[in-house]
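Peer 1: Quick one: structure below, then a few questions.
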Amino acid sequence: MYVIICMHCFCPQNYPLYIRSVPSQSELKFHYTVHTSLDVVEEKISTVGKAMAEQRELYLGLLYPTEDYKVYGYVTNSKVKFVIVVDSSNTSLRDNEIRSMFRKLHNSFTDVMCNPFYNPGDPIQSKAFDSMVSAMMVQSS
Amino acid sequence: MADEALFQFLHNEVIQYVNSAESGDTENGRCVSKLENMGFRVGQGLVERFTKDTARFKDELDVMKFICKDFWTCVFKKQIDNLRTNHQGIYVLQDNKFRLLNQLSAGKQYLDHAPKYLAFTCGLVRGGLSNLGVKSIVTAEVSVMPACKFQVMIQKM
Amino acid sequence: MFEPMEPHEEKPIIYTMENKPIVTCAGDQTLFTGLYSLLAQQLPREPMEWRRSYGRAPKMIHLEANFVQFKEELLPKEGNKALLTFPFLHIYWTDCCDTETYKASVKEDMQRWQGVLRLHGSSDWLIVVVESDGKKKNKTNILPRTSIMDKIRNDFCNKQSDRCVALSDPLRESSRSQESWSSFLTKLRTLLLMSFTKNLGRFEDDMRTLREKRTEPGWSFCDYFMVQVLLLRMLLVRNLLNLPVRSWNGLLLRRPIDMEKRELIQRSEASLLDLRSYLFSRQCTLLIFLQRPWEVTQRALELLHNCVQELRLLEVSVVQGALDCWVFLSCLEVLHRIEGCCDRAQLEANFSHTVGLWTYATEKLKSLGYMCGLVSENGPNSEELNRTVDLLAGLGAERPETANSPQSPYKKLKEALSSVESFEKHYLELSHAALEMYRAIGRMRSARLVGKSLAEFYMRKGDAQTAQTFLLDSLKSYTSEGWSLPVTHTRKQIAECQKQLQQTEDYLQTSALLASDANLTDEERKHYCQEILTFANQASENKDQRVALSMSSFAQLRELRFQPAAATVHVGAALQLELRLCSLMPVPVRLEQVAASVHFSLEQPGTRPGPVGSQRRTGVSPDGTVTFPATSPSYGPPQSSAAAALELYEMQDRSPSDNTLNSTGVMCKNVHLLLRSNDSTTSLDMPRGSASALTMEDGAQMLKTNDVTLLPGSNSIVFSSMQAGTYTLRQLCATVGRVQFVLPHIYPIVQYDVYSQEPQLTIEPLTDNLLAGLPQRVKFTIVTGHYTVKKGDALQLTNSTSMPILHSSSCSACILSSTEELVGEAALSIQASEKVTSISLPPTPPYHILEFQLEVLCHIPPSPTRAESERLTNGEVRHRPKSRTRYNSGMASIDQKVSIDCPWSIYSILISLTFYTPFRAKHSLLSAGKRKYIQVCLQNVSDTNFCIANQTLTELQHTPSLELLSLNAKSRQLVYSKQCLYSLWEMKWSRETLPPCLQCVFNASFSPADAPDTALKPYSYEFQLERVSTLYTVKADIQPAVGEEQCRAGSLCRLEVSITRLTDATEAEREDEEAIETEGLRTTKLMYEVVDNSSHWAVCGKSSGLVSMPVAAMATHKVQMEVMPLFAGKLPFPSIKVFKYLPHTAPPMTQTTTSPLLDKGLEDQADTASLRSRGSVHSLGSSDHQQQQRSVPMPRLDPFSPGQVFNCSLTRQVLVLPSTDDHVLEVNVT
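Protein chains in written order, with the UniProt record's numbering: chain A, 1 to 141; chain B, 1 to 157; chain C, 1 to 1230.
Printed below as a string of structure tokens:
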């Protein structure tokens, strides 16, 4: 079973840049969950001014626990949001592991941004990014 | 250092190229607009890379400081010498020894060509800021080279 | 918080949360009691760094301790894990200062104490020796303090000398006392922490060992759990509150079981929830105690999620719904509790913390409702009723503490499950509460999700109207943020609502969107597509009731291609408009009609330059295609292009004084545009576009295609046939039965032109200018326009005889298409009659070009005397096109009008062709005494070089005695452009006199220099010579002054002029010469005049005068006058002019000859000057004056025609010597 069920990159306007999820019946539910979690992401971003330096980490932590999933968030300085959804039953994933997954995602996204064939704001169609995400999903299963 | 020089040479060639490609157009500004646009995309990518490991920015001023320090250092091997703001969305960044003008002249010679050598950087800053969620217009002014001033007007969302 | 401990207290210590680590005190109790308060107060004052094992981060902690009297029972037995009662440090207090006492009692007591400690394996002890000056004073045999210390150290601390410390004067305020206090405290803290770390570490190790053993059979989670709880409580005791909260959490969240141990847990399943509840309650107490009630909610949520998750994993079989009940109750209990301890404002400020629980409770209630059939329209069935009863029974009795509260969660649940109505009430209450809270804290997406859930509820209840409101709100959010899957799902639900609500149009629109939705399965898409088609094909009662839907969801216009590419055709030609429509439907759809409405903007494209070179349209690529931006039917990335682009320019600031550059820069032109907040950017296509936008424009012209089947994917639809005009594509409409899919706007704007053109004939020379006299090629171009040239159509050219049309047999016409491609060639048949030339045209289709060339010849007019005269070279401007100015100076033009009757028009076309005469001829009469010569100068004024041959001169009246003797070369002569050819003839005649007027014709043949001889064309020049024969000779002679050999400058000379009449009066002469009969002798009056224009001579005295000449041969009149040469050298004679003098009595002969042509030289002559001036005044006047002149007779001067007066001394010169005293002579150079 995959652990990362669903992953989203958002451009600053919250349009999905990339959605990847384990094929399943409840894909729709993931979408709803992730979409709702944006509320929390925005809440966390908006309070950044008051936060201390160490709390201004790009990794936003657990956003939104539900009965079935845990939703983790990450926001780059360019206001691109990454969301990873993990099945609640998977308790083997530590916060640090999630964080490093996000770092990987971010690195890969940076590569996409620096690709001249990518137009910022467009959906990501990079094969390299795809395979990185796939590897991550398999690896953390 | 080769990499420093490389950027500078490439920058010069790009200006040469764009200028000759647009020379047919008498309209003032075609060349600088094109260069600025190039800089914009480069700035977007650069900032994405540079901010990968920094903390989230507190506010607009924090972002501007990043541009003046980290960003400028990465691109031009020095910091902005002076940053001023009216706290209403206008920032003036002064570089007393701007690297792209340094080779050009130390005074008023070639002053008429100077704008072309600033346009790319204007775009660089605008692209960088834009990727950090700050929409802006960046203009530049130079009266005695190699010092120059960049003015950033923030577009209120 | 802390109460001073009574050291002698016997009652057992109650270990509360506030408890601190235990430190036992032995020895002198009174001494300790005196120091206790100070100690307890000072100990936690300074923090200590706690270095922890396992690489955990060090932590600064404030130590506190619970000091109790030493008792052996306090020491832990082997295996006792009671951490909380574990004494960490044992202190022995003594103030003994003399050796005696020490040896007598204290040492023994200490040994005993040590023994007990050793027995229990406790090595954490400290001996405190308190010194006080007061005590020292009393004792005489005082040993120094150090000696006691040494003794104690010797006796007890064999290796650990630091286990014994001194505390001097603890109750004094001296600096020494302070110092010793502080070192004591440091020591105490260090030791306490050391012991703490050691013991805790040991404990943790034990716990870890226990955990390692968890896979072994017989391992008890409860044991482990208890150990851990103990540790945590110990930490709590350490007042490390922040630490344990996390660890509690860890404990709570840790999955405590392996699959192998499943049975074990299952056996004690009932206790699992108990265990967790217990833990949670501990945690809640803690958090509420810490004034952090909001964390409770968060943790409660996590706890509930985990429990549910775990139970699911464990596959624990519970009654369906029981868990939901439990969660629901738990949520509400927690919320209840929180509400109990916070005021309203606080609650509102912390909605973000509580809302999760509210939502969770709502969800659970909802699922319970669904499960128990409380949501359906029909109410629960028996199975569902049974389930409800089971659940209610499972709830058990309400716990006593909430029994009195009317709003207790228990009661709520029971009530909610009891009936459909009360469920609705409770569910709505909860949902709206959650919704409001989300809205209040700005979590709009979450609020909408709750709204969606509510909508589902309303749907089940059959209230589609309310449901739709919520769904549309959600849909808006998903659409604007581009979430396709939720959009599809929500849209499906909306479709259901709309179907129930019978909102046909909306339903069909939504169906169309769904049918084109790639997220749905083929079956679903086909279903929705079928829905539309079914409706479309239903026979409606109201025939004209049509439903207009947005086309964007049905098919997309991708591309439009014009054939021909220019999008411009003439009437009748085929302009094809090929639309590429991408059908989004899953099945082929048969369209009854596809119509494109066009806006007609111009009846006739005004001054269209023609089919060729028509202007390129914007948006149309050179190959005639227009590409439309692909728009997603419902959502897509934001249209960033809407923002204005940055426009920069290079600024150069120059100093106003010296124009040097002050500064330069890169500036922005459109700051105001860009800085304007662009909130006005609205979504271009709303999925539910207003109905008015979808109506087809009335009265618009349509391009139609019938019976098209749109296959899924790309389709091409071709339109053609148009009326003249310029059209703009406006809308597109596809009709399927009653349904119309309308694309309300076509953007970018697409235009095409259909033009109608009148037939047109143009005739233009092939060369720059047409030369008269030579055959010239003229090109006829017929643009047929809308006219079809049929067989038998002919052009009728009516031309003047001076311009015949030369037709050769090889004349043929080219037929070109409108794009100037050669279509065909056909021979022309030309029939020429006297005045009319008829050209039969080959059949030519409309909008073609017919071209042919004809040769025309313009004869040079046979009597172009007037045209050739000097005066007319400047005149005749009206004949020349103004643009051809270069001919103004040289060539005479001849306009030839050709009238052409065209078959397409009843009116004749008048075309003017301008020919230019290549030559200009001038004649002059030359005399030598009585001998006469005629010279003709032929000037080639054209750009062409010509060959001239056969120059002849003939006298037209054939005067018998007259002979013209040619003095010219016989051969052909080349006349280059702008050069002249002179020809000369001598006139010879035998009779005495010639006729007064001679009509002559100069004839020559010419051909272009490079043309063969056969091409020689005639040129003739007619002219008239009048009064050819010489009447008078004038002879002048200059003699030096008397006595001089030579003339000298400055001295007067004598000029003698003799005028001699050569002939008698002739007939012709009599007519025009005014002779006066006096004394039987016919005389005529002449006026002579000596003029020197070159200022060589000064004429002294009268320079002019009248002479009466007898009309007889050889009559001579001599006049003498004095002239003075002004210069030395060979001076030409002054000119002598002779005029006829007509006395006033004689009537003027002709108007033209009356003009007195007087020279300046006459001005000083008083007698003639008055005459001349008067005459000149009148002659310059208008015709009135001339009539006046006629009525008032005046004397006039009349010139002789050239040749009548022969001046023998015309070019004579006389040698003038310089004056002798030339040094005196002043020469004025003017």
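We put the CB at the ideal spot given by N, CA and C, even for glycine.
On a predicted model such as this, the values are computed, not experimentally measured, just so you know.
In the DSSP assignment, find the unbroken beta strand (DSSP E) run with residue 91 of chain A in it and report its ends.
Peer 2: No beta strand (DSSP E) contains residue 91 of chain A, which DSSP labels as neither H nor E.
Peer 1: Would residue 31 of chain C pass as a contact of residue 98 of chain C if the rule is Cβ separation under 7 Å?
Peer 2: Contact: no.
Peer 1: What does residue 628 of chain C pair with, by DSSP beta-bridge criteria?
Peer 2: Answer is none; residue 628 of chain C lacks a bridge partner.
Peer 1: Can you tell me the Cα-Cα spacing of residue 1042 of chain C and residue 924 of chain C, whole angstroms?
Peer 2: Their backbone Cα atoms lie some 42 Å apart in a straight line.
Peer 1: Could you check whether residue 458 of chain C and residue 466 of chain C sit closer than 7 Å to each other, using their CB atoms as the reference points?
Peer 2: Yes, they are a contact pair.
Peer 1: Nearest to residue 747 of chain C by CA position, among C:595, C:857, C:629 and C:342, is which residue?
Peer 2: Checked all of C:595, C:857, C:629 and C:342; the closest Cα to residue 747 of chain C is C:629.
Peer 1: Helix, strand or coil for residue 956 of chain C? Go by DSSP, reduced to three states.
Peer 2: Coil at residue 956 of chain C, not helix or strand.
Peer 1: At 8 Å on the CB atoms, spell out the chain A contacts of residue 102 of chain B, in chain order.
Peer 2: Correct list: empty, because the minimum Cβ distance to chain A is about 27 Å.
Peer 1: Helix, strand or coil for residue 705 of chain C, going by three-state DSSP, please let me know.
Peer 2: Strand, per DSSP.
Peer 1: Considering only C-alpha positions, which residue in the set B:6, B:11, B:8 and B:28 is nearest to residue 669 of chain C?
Peer 2: Residue 669 of chain C has its Cα closest to that of B:28, out of B:6, B:11, B:8 and B:28.
Peer 1: Check each residue of the stretch 113-146 of chain B: if its Cβ is closer than 7 Å to any Cβ of chain C, include it; give the result in chain order.
Peer 2: Listed in sequence order: 114, 115, 118, 119, 122, 137, 139, 140, 141, 142 and 143.
Peer 1: Quick check: is the beta carbon of residue 32 of chain A nearer than 7 Å to any beta carbon in chain C?
Peer 2: Cβ-Cβ to chain C under 7 Å: yes for residue 32 of chain A.
Peer 1: Round the Cβ separation of residue 468 of chain C and residue 498 of chain C to the nearest angstrom and send it over; I've been treating them as touching at under 8 Å.
Peer 2: With 8 Å as the limit, residue 468 of chain C and residue 498 of chain C qualify as a contact, their Cβ atoms being about 7 Å apart.
Peer 1: Taking Cβ positions, are residue 191 of chain C and residue 75 of chain C nearer each other than 7 Å?
Peer 2: No, Cβ-Cβ distance for residue 191 of chain C and residue 75 of chain C is not below 7 Å.
Peer 1: Spell out the partners DSSP gives residue 1129 of chain C in its beta bridges.
Peer 2: In the DSSP output, where bridge partners are listed per residue, residue 1129 of chain C has C:1216.
Peer 1: Does any CB atom of chain B fall closer than 7 Å to the CB of residue 130 of chain C?
Peer 2: Not one chain B Cβ lies under 7 Å of residue 130 of chain C.
Peer 1: In chain B, which residues lie with their C-beta within 8 Å of the C-beta of residue 101 of chain A?
Peer 2: What residue 101 of chain A touches in chain B: nothing, since even the nearest Cβ is about 15 Å away.
Peer 1: Just checking: is the beta-carbon of residue 32 of chain B within a distance shorter than 7 Å of some beta-carbon in chain C?
Peer 2: Interface residue, yes.
Peer 1: Report all residues from its chain with a CB closer than 6 Å to the CB of residue 97 of chain B; omit the five preceding and five following residues, and keep chain order.
Peer 2: If we look at residue 97 of chain B and ignore the five residues flanking it on each side, its Cβ neighbours are 146.
Peer 1: Relative to the C-alpha of residue 532 of chain C, which candidate in C:472, C:548 and C:195 has its C-alpha closest?
Peer 2: Selected option, being the one with the closest Cα: C:548.
Peer 1: Evaluate residue 958 of chain C with the Cβ neighbour count: other Cβ atoms within 10 Å of its Cβ, from every protein chain shown; 16 or more gives buried, anything less gives exposed.
Peer 2: Exposed, by the Cβ-count rule.
Peer 1: Could you check whether the Cβ of residue 39 of chain B sits closer than 7 Å to any Cβ belonging to chain C?
Peer 2: For residue 39 of chain B, the answer is no, since every Cβ of chain C falls outside 7 Å of its Cβ.
Peer 1: Kindly indicate the opening and closing residues of the alpha helix (DSSP H) around residue 108 of chain C.
Peer 2: Residue 108 of chain C -> alpha helix (DSSP H) spans 107-119.
Peer 1: At the 7 Å Cβ level, is residue 113 of chain A part of the contact set with chain B, yes or no?
Peer 2: For residue 113 of chain A, the answer is yes, since a Cβ of chain B falls inside 7 Å of its Cβ.
Peer 1: I'd like to know whether the C-beta of residue 72 of chain A is nearer than 7 Å to at least one C-beta of chain C.
Peer 2: Answer no: the Cβ-Cβ gap between residue 72 of chain A and chain C never drops below 7 Å.
Peer 1: Could you tell me the boundaries of the alpha helix (DSSP H) in which residue 358 of chain C lies?
Peer 2: Run containing residue 358 of chain C: 351-371, per the alpha helix (DSSP H) assignment.
Peer 1: What does the alpha-carbon distance come out to for the pair residue 736 of chain C and residue 556 of chain C?
Peer 2: Between residue 736 of chain C and residue 556 of chain C, the C-alpha separation is close to 16 Å.
Peer 1: Whose CA, out of C:815, C:44, C:73 and C:49, lies closest to the CA of residue 66 of chain C?
Peer 2: Residue 66 of chain C has its Cα closest to that of C:44, out of C:815, C:44, C:73 and C:49.
Peer 1: For residue 108 of chain B, return the contacting residues in chain C, with the cut-off set at a CB-CB distance below 7 Å.
Peer 2: The answer, in chain order, is 661.
Peer 1: Check each residue of the stretch 41-55 of chain B: if its Cβ is closer than 7 Å to any Cβ of chain A, include it; give the result in chain order.
Peer 2: Under the 7 Å Cβ criterion, the stretch 41-55 of chain B contributes 44, 45, 47, 48, 49, 51, 52, 54 and 55.
Peer 1: Output the distance between the C-alpha atoms of residue 41 of chain C and residue 35 of chain C, rounded to the nearest integer angstrom.
Peer 2: Looking at the two C-alpha atoms, the distance is approximately 10 Å.
Peer 1: Could you spell out where the beta strand (DSSP E) holding residue 1035 of chain C opens and where it closes?
Peer 2: Unbroken beta strand (DSSP E) run through residue 1035 of chain C: 1032-1039.
Peer 1: Please name the residue or residues paired with residue 1122 of chain C in a DSSP beta bridge.
Peer 2: BP columns for residue 1122 of chain C point to C:1054 and C:1100.
Peer 1: Along chain A, in chain order, which residues have C-beta atoms closer than 7 Å to that of residue 485 of chain C?
Peer 2: In chain order: 27, 28 and 31.
Peer 1: Looking at the secondary structure, which residues open and close the beta strand (DSSP E) in which residue 90 of chain C lies?
Peer 2: 87-94 is the extent of the beta strand (DSSP E) around residue 90 of chain C.
Peer 1: Just the Cα atoms here: how many angstroms apart are residue 778 of chain C and residue 906 of chain C?
Peer 2: Going by the C-alpha atoms only, they are around 24 Å apart.
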